[in-house]
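What follows is one structure encoded as structure tokens, with my remarks underneath.
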Amino acid sequence: MHTAILLVLLTVQEANPKAEKPWERKVQLPVPVPMELPAVPPTNPFFSPVDQQPSPRQTPMREDFPVTVSASFAVYVDKSGTCRRAHPIANPFPGVLEPVRQALLETEFTPAKAFGQPAAVWVDVSADLRGEVKEGRMAQLVVTLPDPGETPELEAVPLPPGDSRDAQLPSTALEQLSAMPVPKRFSAKVPGQEFRQPVKLLAEVGTDGKVKRVVFLACPEGLRSWVLASSASWLFTPAQAKGAPTSAWVVLSGVLEVKAGTLRAEGLRVSRTSSYPAK
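Letter 210 of the sequence shown, counting from 1, is numbered 201 in this note's numbering, and no numbers are missing.
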């Protein structure tokens, strides 16, 4: 009797050599292990220690500089092709939003179609306004070294608030459309103007006192090509480190005083996207 039982047990063990024994059962329990992470001080890649920071000698701005300003809006086009709403989704240049918005509201469209029928829709559109910046200057310029412990961030250009009622307008999802709305004709004009625009940028000043690279922190998109082209002729007294000139990044904060010419757009691009209103 004892021999028979022993044989059975041996057979079971041989058939399952990896069988888990009752006292060997694995239990997965989360066990917190305290770990002290090393303290990593924040660093700014634009900062480098210098004995003397760069100082501006001249910052002229280009005259009669051609610019192209892309104005983007979300428009609501109803089933009849009438543009009933135009909400800006970017603010590229001072003074352009209201003239372009009015031009959009006066634009007739061939309406969108869904399932063979006219459909109301929210859709993004954009227009390229072309003109020139006649002249300008950088006023109230302040030059500082970057903060060594804080990485600079791009500041958003504010937009007018939306209307909460816009979300209540009946709108067909873009993926259901068989045809997008098409403007029958579009033109916009922004009269010449003079304005003051605060700006902030990072500039790398080389050992020769010239600007090598620029990073915009606060500047409307439509002014950047003008500022970038102008910065090529700026001149600084270079930074000093250990008694010799050295390259260094600086933060430039100032106010652009701008005289802009007339901006005009002929034609409108319709995108297969919808950025507004928020769902």
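All C-beta atoms, glycine included, are put in the ideal place defined by N, C-alpha and C.
>> Less than 9 Å between the C-beta atoms of Ser155 and Pro109, yes or no?
In response: no
>> Helix, strand or coil for Trp94? Go by DSSP, reduced to three states.
In response: Sequence check: residue 94 is Ala here, not Trp. If DSSP states are grouped into helix, strand and coil, Ala94 belongs with the helices.
> What separation, rounded to the nearest whole angstrom, lies between the Cα atoms of Pro40 and Ser221?
Replying inline: 27 Å
>> Considering only DSSP beta bridges, list what Ala119 is partnered with.
In response: It is Asp, not Ala, that sits at residue 119 in the sequence shown. In the DSSP output, where bridge partners are listed per residue, Asp119 has Ser61.
>> Can you list, in chain order, the residues of its chain with a C-beta nearer than 7 Å to that of Leu153? Leave out the 5 residues immediately preceding and following it.
In response: First, the residue type needs correcting, since residue 153 is Gly and not Leu in the sequence shown. Taken in chain order, the residues that qualify are His78, Tyr267 and Pro268.
>> Which runs of the beta strand (DSSP E) at least 3 residues long sit entirely within the region 151 to 190? Give them in chain order.
In response: 178 to 181
> Of the residues Thr163, Ile80, Thr34 and Ser63, which one's Cα is nearest the Cα of Phe106?
Replying inline: Thr163
> Which residue spans inside the region 215 to 239 form an unbroken beta strand (DSSP E) run of at least 3?
Replying inline: 226 to 228, 230 to 232 and 235 to 237
>> Counting C-beta neighbours from all protein chains within 10 Å, is the total for Gly234 16 or more, i.e. buried, or is it exposed?
In response: exposed
> In terms of alpha-carbon separation, which member of Ser224, Trp240 and Trp225 lies closest to Gln231?
Replying inline: Trp240
> Which residues in the same chain have their Cβ closer than 7 Å to the Cβ of Pro57, if we skip the five residues on either side of it in sequence?
Replying inline: Glu123
> Using the C-alpha atoms, what's the distance from Val202 back to Val66?
Replying inline: 41 Å
> Does DSSP put Gly213 in a helix, a strand or coil?
Replying inline: helix
> What is the residue span of the beta strand (DSSP E) that Gln108 lies within?
Replying inline: Gln108 to Ala110
> Thinking C-beta only, is Glu212 closer than 9 Å to Met83?
Replying inline: First, the residue type needs correcting, since residue 83 is Pro and not Met in the sequence shown. In this structure, Glu212 lies closer than 9 Å to Pro83 by Cβ.
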